[in-house]
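Enquirer: Can you read through this structure? Questions will come right after.
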Amino acid sequence: MKEVTKMSDDFDRWYTDVIRKAEMADWSGVRGMMVVRPYGWAMWEAITRAFDDMIKESGHENWAFPLLIPQQLLIKEAEHIEGFGPEVAWVTRAGAAKEELEEPLAVRPTSETIVGHLIRRYIQSHRDLPKLTNQWNSVVRWEMRSRLFLRSREFWWQEGHTFHASAQEARDEVALILGYYRSIAEDWLAVPVFGGKKSPAETFAGAVYTMTLEGLMRDGVALQMGTSHYFGQNFARAYDISFSNKDNERELCYSTSWGISTRLVGALVMAHGDDSGLIVPPRIAPIQVVIVPIHRDPESRAKVEAFIGGLATELKAAGIRHRVDWRDERPGDKYAHWELKGVPLRLNVGARDADAGTVEMVDRLSRQRVSVPASGIGRRLTDELEAFQKKLFERALVYRRENTFELATLDEVVAHFKERGGFVWVPWSGDTECEERIKAEAGGVTIRTIDPDARPSGKCIVCGKPAEYRVALAKAY
RNA sequence: CGGGCGGUAGCUUAGCUCGGUAAAGCGCCUGGUUUGGGACCAGGAGACCGCGAGUUCAAAUCUCGCCCGCCCGACCA
């Protein structure tokens, strides 16, 4: 349990160490593919439950579509296959004799193509629209370089695919989902995000436009935390998804797709952790409160046990996810253990607490010890967890504020990213050549998102023409 | 996928140059003493030395191929 690399020494090693020592995930021995352990998966489950509730509320339905996509289907949308082609894995043989298949089958890297192909059966009339589908699944992308949770060859996600009778309705859907994603990032994961459109170079292959959310990790590197795409009629045209409108004319659907993935679990680690390990937001935490019993002899143990029994009953009644650590270890070892795992609140409970009718409460952020009355503990801890969630978000917000800048020239940008990370807002002409030059000269810095609100002032930092957009630059995972 | 480095017990590593009975710390098991910030003593289990070939009387050690991981690039939820 000891010896997690210090975050300040080597962020990348710290990240891997924490995930492995906190028992969240491991590499599997199959290149680039991970095994997600219960503690990590439980965090993903908290995200899936929250998001699934949101989309059900607005009429989306879960489906299951095939894992394998025939080659002919995959290649129908030209831009899409051009974008995803390099990272597709293929099944070319099957059966006892490993016979060559007549047509190679792609392992889905994303399912626009197979969903588009299949959904047309279920859409005939405007009365069948909108068709709001989602699936929870895993996809495979043949990544060359992998990183636990952030980039693995297989990852778990939800992919929503929706089909609409009008462009406006589809655009509204894209915005609605981006709002849900913002809520997941900010209200659940306590990670503040900048949201807006992607530049053309960063737009999803086959989309008209892509909306994104970008968070900032504690090493100053940005992370894309969710995307929502508007396809116009691009996929409907390629897959012939049409309907009869009210005037009995054939019309192509307008479609969208959107996804968040297990990457978000990595985001929570990198956005909140410290040298002692994880700090898990209460709403995501598999264990919100851990109770560490302290006792010397059988008598004190019996007393503490009875006292904790009462506490546990109250916590359960209050709906707090909790655990009592009865392992035969010393208290100090348990403190370090649960801090590494990022449990928001800890209660140290010994005989003298039992006598006094109090518990010693320690939160993972301040680590201050506070004696609180045992009576009404359920209510108190519920409030504390809520406050913790807020404090964690505020802390992340302050960090982002301190690491967000406004610059006016390419030289300044280049100099900035030599020294540090964070977000840098700049005016941009909208030209792809300017975007490419920023990337080349500032060492891999990319346009993360376009400011949806502010009108740009000044000139493009590259070409000097009047700027069309105000954009956030950052290095990104 | 290119360049560099590595893989020995659950984890971190020594041993490899110069071939000769596989080691340590942590973790794990048992017993005891302990327990309000990472305990101590004693005993014990645990290793196809990444996999496969080759050289040799003999390979963790030398050679070749493959697999997996790390770092740097190009690609990405």
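Under numbering that gives the first Met the number 0, residues 0 to 476 are what the first sequence spells out, in order. Cβ coordinates follow ideal geometry from the N, Cα and C atoms, glycine included. From a predicted model like this one, the values you see are computed outputs, not experimental measurements.
Is it a yes or a no for the region 257-264 touching the region 149-163, going by three-plus beta-carbon pairs under 8 Å?
Expert: Yes, the region 257-264 touches the region 149-163.
Enquirer: Tell me the start and end of each unbroken beta strand (DSSP E) in the region 149-217 that is at least 3 residues and wholly inside, in chain order.
Expert: Counting only runs of 3 or more, we get 153-163, 192-196 and 208-215.
Enquirer: Spell out the partners DSSP gives L487 in its beta bridges.
Expert: Examination of residue 487 is not possible in this model, given that the chain is present from 0 through 476 alone.
Enquirer: Please name the residue in K130, E44 and G82 whose C-alpha comes closest to that of I183.
Expert: Stepping through the first sequence from its first residue, residue 183 is reached at position 184. Residue E44 is the option with its Cα nearest to I183.
Enquirer: Thinking C-beta only, is G341 closer than 8 Å to A270?
Expert: Walking along the first sequence from the start, residue 270 turns up at place 271. Walking along the first sequence from the start, residue 341 turns up at place 342. Result no, Cβ atoms of A270 and G341 do not sit closer than 8 Å.
Enquirer: Hey, would you say E434 sits closer than 8 Å to S145, going by beta carbons?
Expert: Sequence index remark: in the first sequence, residue 434 carries index 435 (1-based). Sequence index remark: in the first sequence, residue 145 carries index 146 (1-based). No.
Enquirer: Helix, strand or coil for S275 per DSSP?
Expert: Taking the first sequence and counting its residues from 1, the one referred to as residue 275 is at position 276. Three-state result, S275: coil.
Enquirer: How many Å lie between E172 and A164 at the Cα?
Expert: Position 173 of the first sequence, counted from the first residue, corresponds to residue 172. Position 165 of the first sequence, counted from the first residue, corresponds to residue 164. Taking the straight line joining both Cα atoms gives about 12 Å.
Enquirer: So, with DSSP's three-state summary, where would you put W13?
Expert: Within the first sequence, residue 13 is the residue found at index 14, counting from 1. Reduced to three states, the DSSP call for W13 is helix.
Enquirer: If you reduce the DSSP assignment to three classes, tell me which class E78 lands in.
Expert: If you number the first sequence from 1, residue 78 lands on position 79. In the structure shown, E78 sits in a helix (DSSP, three-state: H, G or I).
Enquirer: Using the Cβ count rule (16 or more neighbours within 10 Å means buried), how would you classify R469?
Expert: For the purposes of this step, residue 469 is taken as residue 470 along the first sequence, with counting starting at 1. The residue in question, R469, is buried, as its Cβ has 16 or more Cβ neighbours within 10 Å.
Enquirer: Quick one, are the C-beta atoms of E99 and T91 less than 8 Å apart?
Expert: Working through the first sequence from its first residue, we reach residue 99 at position 100. Working through the first sequence from its first residue, we reach residue 91 at position 92. Going by C-beta atoms, E99 is nearer than 8 Å to T91.
Enquirer: Could you tell me which whole alpha helix (DSSP H) segments of length 4 or greater appear in the region 269-331?
Expert: If we require 4 residues or more, the alpha helix (DSSP H) runs fully inside the region 269-331 come out as 297-316.
Enquirer: Output the boundary residues of the alpha helix (DSSP H) element that contains K438.
Expert: Here residue 438 is taken as the residue at index 439 of the first sequence, counted from 1. Its alpha helix (DSSP H) spans residues T431 to E440.
Enquirer: Where does H59 sit, in a helix, a strand or coil, going by DSSP?
Expert: Numbered from 1 along the first sequence, position 60 holds the residue referred to as residue 59. Residue state, collapsed to three classes: coil.
Enquirer: Taking C-beta to C-beta, are A200 and T431 nearer than 8 Å?
Expert: Your numbering for residue 200 matches position 201 in the first sequence. Your numbering for residue 431 matches position 432 in the first sequence. Closer than 8 Å, so yes.
Enquirer: Tell me whether I240 sits in a helix, a strand or coil according to DSSP, three-state version.
Expert: In the first sequence, the residue the question calls residue 240 occupies position 241. It is coil, neither helix nor strand.
Enquirer: With DSSP as the reference, please indicate the residues paired to I18 in a beta bridge.
Expert: Stepping through the first sequence from its first residue, residue 18 is reached at position 19. Answer is none; I18 lacks a bridge partner.
Enquirer: With distances taken from CA atoms, which of R30, D11 and E185 is nearest F392?
Expert: Numbered from its first residue, the first sequence carries residue 392 at position 393. Per the Cα distances, E185.
Enquirer: Could you have a look at I68 and say whether DSSP puts it in helix, strand or coil?
Expert: Residue 68 sits at position 69 when you count from the first residue of the first sequence. DSSP places I68 in strand when its eight states are reduced to three.
Enquirer: Residues in its own chain within less than 7 Å of F162 by CB, not counting five upstream and five downstream?
Expert: To locate residue 162, count along the first sequence from 1; it is residue 163. Contacts found: I118, I122, L128, P129, K130, I240, C252 and S254.
Enquirer: Who are the Cβ neighbours of I283 in its own chain at under 8 Å, not counting the five residues just before and after it?
Expert: Along the first sequence, one-based indexing puts residue 283 at 284. Excluding sequence neighbours, I283 sits near M42, A45, I46, W187, L188 and L267.
Enquirer: Is DSSP giving K389 helix, strand or coil here?
Expert: The residue given as residue 389 occupies position 390 in the first sequence. Here K389 sits in helix by DSSP.
Enquirer: I need the boundaries of the beta strand (DSSP E) containing G258, first residue and last residue.
Expert: Position 259 of the first sequence, counted from the first residue, corresponds to residue 258. From DSSP, the beta strand (DSSP E) with G258 extends over Y253 to S260.
Enquirer: For the region 79-127, list the beta strand (DSSP E) runs that are entirely contained and at least 3 residues long, ordered along the chain.
Expert: Runs found: 88-93 and 98-106.
Enquirer: Spell out a yes or no on whether the region 287-303 and the region 70-89 are touching, meaning 3 or more CB-CB pairs, one atom from each, closer than 8 Å.
Expert: Taking 8 Å as the limit for Cβ pairs, the verdict is that the region 70-89 does not touch the region 287-303.
Enquirer: Grouping DSSP H, G and I as helix and E and B as strand, with all else coil, what is Y355?
Expert: In the first sequence, counting from the first residue as 1, residue 355 sits at position 356. This sequence places Ala at residue 355; Tyr is not what is there. The answer is helix: DSSP assigns A355 an H, G or I state.
Enquirer: Shortest alpha-carbon distance to V17 belongs to which of W337, R368, V348 and D382?
Expert: In the first sequence, counting from the first residue as 1, residue 17 sits at position 18. The candidate whose alpha carbon is nearest that of V17 is W337.
Enquirer: Which of the three DSSP states, helix, strand or coil, is assigned to G39?
Expert: On the first sequence, position 40 is the one that residue 39 refers to. Helix, per DSSP.
Enquirer: At what residues does the beta strand (DSSP E) containing V371 begin and finish?
Expert: Locating residue 371 in the first sequence gives position 372, where the first residue counts as 1. Per DSSP, V371 belongs to the beta strand (DSSP E) from R368 to P372.
Enquirer: Would I68 pass as a contact of Y179 if the rule is Cβ separation under 8 Å?
Expert: If you number the first sequence from 1, residue 68 lands on position 69. If you number the first sequence from 1, residue 179 lands on position 180. Their beta carbons are not under 8 Å apart, which means I68 does not touch Y179 by this criterion.
Enquirer: Taking the continuous beta strand (DSSP E) assigned at K130, which residues delimit it?
Expert: For the purposes of this step, residue 130 is taken as the residue at position 131 of the first sequence. Counting along the chain, the beta strand (DSSP E) containing K130 begins and ends at K130 to V139.
Enquirer: Quick check on the DSSP output: the alpha helix (DSSP H) that includes A407 runs from which residue to which?
Expert: Here the question's residue 407 lines up with position 408 in the first sequence. Neither: A407 is in no alpha helix (DSSP H) and is coded neither H nor E.
Enquirer: I'd like the span of the beta strand (DSSP E) that includes R144, first residue to last.
Expert: Numbered from 1 along the first sequence, position 145 holds the residue referred to as residue 144. Unbroken run through R144: none, as it is neither H nor E.
Enquirer: Where G58 and S110 are concerned, what is the direct C-alpha to C-alpha distance, given to the nearest angstrom?
Expert: One-based indexing of the first sequence puts residue 58 at position 59. One-based indexing of the first sequence puts residue 110 at position 111. Those two C-alpha atoms are separated by around 20 Å.
Enquirer: In whole angstroms, give me the CA-to-CA distance for S151 and Y398.
Expert: The residue labelled residue 151 in the question sits at position 152 within the first sequence. The residue labelled residue 398 in the question sits at position 399 within the first sequence. Whole-angstrom Cα-Cα distance: 28 Å.
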